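Taking it in order: structure first as structure tokens, then the write-up.
Protein chains: 2
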Amino acid sequence: MSTVYDVADLAGVSTATVSRVIHGSPLVHPDTQQRVRRAIDELGFVPDGSAQGLSRRRKDIIGLAALERGTDEIDIEQAGQLFVDEVVHAVESVLRGTECSLLLTFGQTGEPFQRRVWSLSGKVDGLLVAEEIMPASRLRSLAKRIPVVIIAGRPGERELDMVAVDNAAGIRALAAHLLGGHGYRRLCFLAGPADSPDAQERLAAFRQAIAGSDAHLAPVLSGDFSAASGAAAARALLGRGTLPEAVACANDQMAIGAMREFQRAGITVPGDVAVTPAVTTVNQPLRDLGRKAAARLRARIDDRGLPPRTEILPTHLVIRASCGCPVR
Amino acid sequence: MSTVYDVADLAGVSTATVSRVIHGSPLVHPDTQQRVRRAIDELGFVPDGSAQGLSRRRKDIIGLAALERGTDEIDIEQAGQLFVDEVVHAVESVLRGTECSLLLTFGQTGEPFQRRVWSLSGKVDGLLVAEEIMPASRLRSLAKRIPVVIIAGRPGERELDMVAVDNAAGIRALAAHLLGGHGYRRLCFLAGPADSPDAQERLAAFRQAIAGSDAHLAPVLSGDFSAASGAAAARALLGRGTLPEAVACANDQMAIGAMREFQRAGITVPGDVAVTPAVTTVNQPLRDLGRKAAARLRARIDDRGLPPRTEILPTHLVIRASCGCPVR
DNA sequence: TTGTATGCGTTATCAC
DNA sequence: GTGATAACGCATACAA
Numbered sequence: 000m001s002t003v004y005d006v007a008d009l010a011g012v013s014t015a016t017v018s019r020v021i022h023g024s025p026l027v028h029p030d031t032q033q034r035v036r037r038a039i040d041e042l043g044f045v046p047d048g049s050a051q052g053l054s055r056r057r058k059d060i061i062g063l064a065a066l067e068r069g070t071d072e073i074d075i076e077q078a079g080q081l082f083v084d085e086v087v088h089a090v091e092s093v094l095r096g097t098e099c100s101l102l103l104t105f106g107q108t109g110e111p112f113q114r115r116v117w118s119l120s121g122k123v124d125g126l127l128v129a130e131e132i133m134p135a136s137r138l139r140s141l142a143k144r145i146p147v148v149i150i151a152g153r154p155g156e157r158e159l160d161m162v163a164v165d166n167a168a169g170i171r172a173l174a175a176h177l178l179g180g181h182g183y184r185r186l187c188f189l190a191g192p193a194d195s196p197d198a199q200e201r202l203a204a205f206r207q208a209i210a211g212s213d214a215h216l217a218p219v220l221s222g223d224f225s226a227a228s229g230a231a232a233a234r235a236l237l238g239r240g241t242l243p244e245a246v247a248c249a250n251d252q253m254a255i256g257a258m259r260e261f262q263r264a265g266i267t268v269p270g271d272v273a274v275t276p277a278v279t280t281v282n283q284p285l286r287d288l289g290r291k292a293a294a295r296l297r298a299r300i301d302d303r304g305l306p307p308r309t310e311i312l313p314t315h316l317v318i319r320a321s322c323g324c325p326v327r
Numbered sequence: 000m001s002t003v004y005d006v007a008d009l010a011g012v013s014t015a016t017v018s019r020v021i022h023g024s025p026l027v028h029p030d031t032q033q034r035v036r037r038a039i040d041e042l043g044f045v046p047d048g049s050a051q052g053l054s055r056r057r058k059d060i061i062g063l064a065a066l067e068r069g070t071d072e073i074d075i076e077q078a079g080q081l082f083v084d085e086v087v088h089a090v091e092s093v094l095r096g097t098e099c100s101l102l103l104t105f106g107q108t109g110e111p112f113q114r115r116v117w118s119l120s121g122k123v124d125g126l127l128v129a130e131e132i133m134p135a136s137r138l139r140s141l142a143k144r145i146p147v148v149i150i151a152g153r154p155g156e157r158e159l160d161m162v163a164v165d166n167a168a169g170i171r172a173l174a175a176h177l178l179g180g181h182g183y184r185r186l187c188f189l190a191g192p193a194d195s196p197d198a199q200e201r202l203a204a205f206r207q208a209i210a211g212s213d214a215h216l217a218p219v220l221s222g223d224f225s226a227a228s229g230a231a232a233a234r235a236l237l238g239r240g241t242l243p244e245a246v247a248c249a250n251d252q253m254a255i256g257a258m259r260e261f262q263r264a265g266i267t268v269p270g271d272v273a274v275t276p277a278v279t280t281v282n283q284p285l286r287d288l289g290r291k292a293a294a295r296l297r298a299r300i301d302d303r304g305l306p307p308r309t310e311i312l313p314t315h316l317v318i319r320a321s322c323g324c325p326v327r
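Residue numbers (numbering that gives the first Met the number 0), protein chains in the order written: chain A, 0 to 327; chain B, 0 to 327.
As structure tokens, then:
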């Protein structure tokens, strides 16, 4: 594998000039430039990332660490990955226009994953951290070492950069719709996993909305954001005898799973029971989330003195037939 | 940000010893080890990846380059990303147990993406290349520079490592089922994009299967693997007057989109028209694809002299109600 | 416009 | 067991 030295030799110039050509410095004679370019092509030279990183004190790599849920599953429908996948694509699409690349790592909550993320911090210029992959204290130590931006973290973060979705508002809109619009009174909430700040916030907001009404919450179930867990919850409800009038789910995947299970049991949706995802997490907000986070991280890498800021993205309530509204 | 020197100073040892401790060398005195570890913790030291990469001549990063389809879409349902996402997760899950990390980049077919992948090769130890992101000749040049494993590439590759799915067999099974099992004779094939070797192979195999029967193919439509394109194809069929007896789709997403569109138009599936994904690409094979590819790449990185090998993974025909079979 | 020389943070090869 | 020290491949400040 060839180096700048090889290129320099072949082109009959110094390595400094090679470097200049590589980076498109304007103060290189056109002829020299040609010679160098030719040499580069001939040798198939590509600058070594490690050497560049070492020399320029910047690796042009940013990391993304996210929770992976329900890994061993066979079927895509079982997996609740859409969140991270969307974020990954969004982040990558931002980086695509730059020199920067995306390094990613997934894992289950726990010490091993935290260690992995920690040591990964040596390979990147900055880190995007999705959801609650480690305790706040540890995250702060990490952020002292290297720029960190939190995606969909615990609300109320003040010391670190964060980009999140306005879950509370979304849920309030949904609750208002179910209670005021449809007049439902017996509601079930199918919550997400405990290690998802988003999920917890949605549940809390829904509880609060119900508390302020004459409706009641019965019961609260929880899943892991996968369609399979939504189906399991539906089965649990079927086993209890009377169904609630509506089931609000913490994400789309679980709603899909629940609906399918109800239908399989001969229950019509929304005839016998309304089923609705809580927030349209699968829509534009996720792409935005990734995009904003990536932009913010790059900004902080360039200027580590930036004051920490939290960006809350608006949510849109999407009315679907499954909640009992007429189609279209 | 602290370095080995800082750690060495604080612990009162040489950098060599620090390095030994970091890598768990057994020939360090336990006491020394303690002192060094303490210093590391105190300073929050993490070895710099670039420096390590430069010194050890290996970056412990592998790259994954894949096509991204239908990027600008708003809704997840519009996107046909499931293929790459599954592969990403599979690859990552292999790497998770190692020192190695995953660097990824997506792009649309074209020169800019090819250049990006080429220059990215300086940042990684090896590259996983999904589908047809560049001409075979260029890919070979790349593979001369750095280990490359192709995922789902063009069948017949002999010079490079490749891991692919046995599309032809899957399609043959499907065709046999539709023709022999159901007795359908007027079939439509909803093909995938031209830049997907997988898609092309499926279409070719289906054509061949039909050619060897008394059925006929009318017509062949094509989409981009997204549900939206499946729906569009369904609309196109609806506009033509008589529907085929069955529509075989190159992937699940398009089948879903088509089914939904038919149902919306009051056409029952499979009553009026059967709709079926061609191969269960969304099932286990994809995880396997990623896993095998990652394993193979790591093997080649360790020994670049390995003879090129192509692994063809078996496909499973999954019978679903949408093709006209009774449920369960 | 071009070349020289040094530093970047680690690892590894020697000595001790 | 441990410590000097020379690479590793590139960028850049400084000279020319």
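We treat Cβ as the ideally placed atom computed from N, Cα and C, and that holds for glycine. Computed from a predicted structure; not experimentally measured.
Is there a Cβ of chain B sitting closer than 8 Å to that of residue i, yes or no?
i                        : result
leucine 119 (chain A)    : yes
serine 140 (chain A)     : yes
aspartate 223 (chain A)  : no
methionine 253 (chain A) : no
aspartate 8 (chain A)    : no
aspartate 124 (chain A)  : no
aspartate 5 (chain A)    : no
Could you check which residue in the options has the C-alpha nearest to that of residue i?
i                        : options                                : result
methionine 253 (chain A) : A:Ala226, A:Leu81, A:Val268, A:Ala174  : A:Ala226
cysteine 248 (chain A)   : A:Asp301, A:Pro134, A:Leu220, A:Thr241 : A:Leu220
aspartate 165 (chain A)  : A:Leu138, A:Ala203, A:Arg184           : A:Ala203
arginine 414 (chain B)   : B:Ser49, B:Leu126, B:Asp40, B:Thr97    : A query on residue 414 (chain B) cannot be resolved here, the shown segment of chain B reaching from 0 to 327 and no further.
leucine 94 (chain B)     : A:Pro306, A:Phe105, A:Leu94, A:Val86   : A:Phe105
alanine 245 (chain B)    : B:Leu159, B:Ala175, B:Asp197           : B:Ala175
threonine 108 (chain A)  : A:Val148, A:Pro29, A:Asp223, A:Pro218  : A:Asp223
glutamine 207 (chain B)  : B:Leu173, B:Arg234, B:Leu53, B:Pro306  : B:Leu173
proline 146 (chain B)    : B:Pro325, B:Asp301, B:Ile311           : B:Asp301
glycine 256 (chain A)    : A:Ile149, A:Leu138, A:Gly229           : A:Gly229
alanine 293 (chain B)    : B:Ser321, B:Thr97, B:Phe188, B:Val317  : B:Thr97
methionine 133 (chain A) : A:Ala65, A:Pro218, A:Glu260            : A:Ala65
Between residue i and chain A, is the shortest Cβ-Cβ distance under 8 Å, so that the two count as touching?
i                        : result
serine 13 (chain B)      : no
glutamine 77 (chain B)   : Residue confidence for glutamine 77 (chain B) is low, a pLDDT of 49 falling below 50, so the modelled location carries little weight and cannot support an answer.
methionine 133 (chain B) : no
glycine 106 (chain B)    : yes
isoleucine 60 (chain B)  : yes
aspartate 194 (chain B)  : no
glutamate 67 (chain B)   : yes
aspartate 84 (chain B)   : yes
Around the Cβ of residue i, are there at least 16 other Cβ atoms within 10 angstroms (buried) or fewer (exposed)?
i                       : result
proline 192 (chain B)   : buried
lysine 291 (chain B)    : buried
alanine 232 (chain A)   : buried
arginine 336 (chain A)  : The first residue shown for chain A is 0 and the last is 327, placing residue 336 (chain A) beyond what the model contains.
methionine 0 (chain A)  : exposed
histidine 315 (chain B) : exposed
glutamate 91 (chain A)  : buried
glycine 179 (chain A)   : exposed
alanine 217 (chain B)   : exposed
lysine 122 (chain B)    : buried
arginine 286 (chain A)  : buried
Closer than 6 Å by C-beta to residue i: which residues in its own chain qualify, once you throw out the five before and the five after it? Chain order, please.
i                     : result
arginine 19 (chain B) : Val27
Please list, in chain order, all residues of the same chain as residue i whose beta carbon is under 7 Å from its beta carbon, the five residues on each side excluded.
i                       : result
glycine 323 (chain A)   : His181, Pro269, Ala273
glutamate 200 (chain B) : Pro154, Asn166, Ala167
valine 35 (chain A)     : Val6, Ala10, Val12, Thr16, Val17, Val20
glutamine 32 (chain B)  : Val20
arginine 308 (chain A)  : Asp160
Who are the near neighbours of residue i in its chain, counting only those whose CB is closer than 8 Å to its CB and skipping five residues on each side?
i                        : result
isoleucine 266 (chain B) : Leu237, Leu242, Val272
histidine 215 (chain B)  : Arg184, Arg185, Leu186, Ile209
proline 46 (chain B)     : Val3, Ile21
leucine 119 (chain A)    : Gly62, Ala64, Leu102, Thr104, Leu126
The ligand NAD and residue i: does any heavy atom of the ligand fall closer than 7 Å to the residue's C-beta?
i                     : result
leucine 177 (chain A) : As for the ligand NAD, it is missing from this structure, which has no ligand bound.
- Task: May I ask you to list, following chain order, the residues of the segment 38 to 56 of chain B that have a beta carbon less than 7 Å from some beta carbon of chain A?
- Result: Cβ contacts with chain A come from Gly43, Val45, Pro46, Asp47, Gly48, Ser49, Ala50, Gly52, Leu53.
task: Check each residue of the segment 88 to 103 of chain B: if its Cβ is closer than 9 Å to any Cβ of chain A, include it; give the result in chain order.
output: Answer in chain order: His88, Glu91, Ser92, Leu94, Arg95, Glu98, Ser100, Leu101, Leu102, Leu103.
If contact means a Cβ-Cβ distance below 8 Å, which residues of the segment 255 to 277 of chain B contact chain A?
-> Listed by position, the residues of the segment 255 to 277 of chain B near chain A (Cβ gap below 8 Å) amount to none.
Quiz item: Using Cβ-Cβ distances below 7 Å, what residues of the segment 144 to 173 of chain B are close to chain A?
Solution: Result list: Arg144.
Legend entry - Contacting positions in the segment 14 to 32 of chain A - beta carbon closer than 8 Å to chain B: Taking a C-beta cut-off of 8 Å against chain B, none of the residues of the segment 14 to 32 of chain A qualify.
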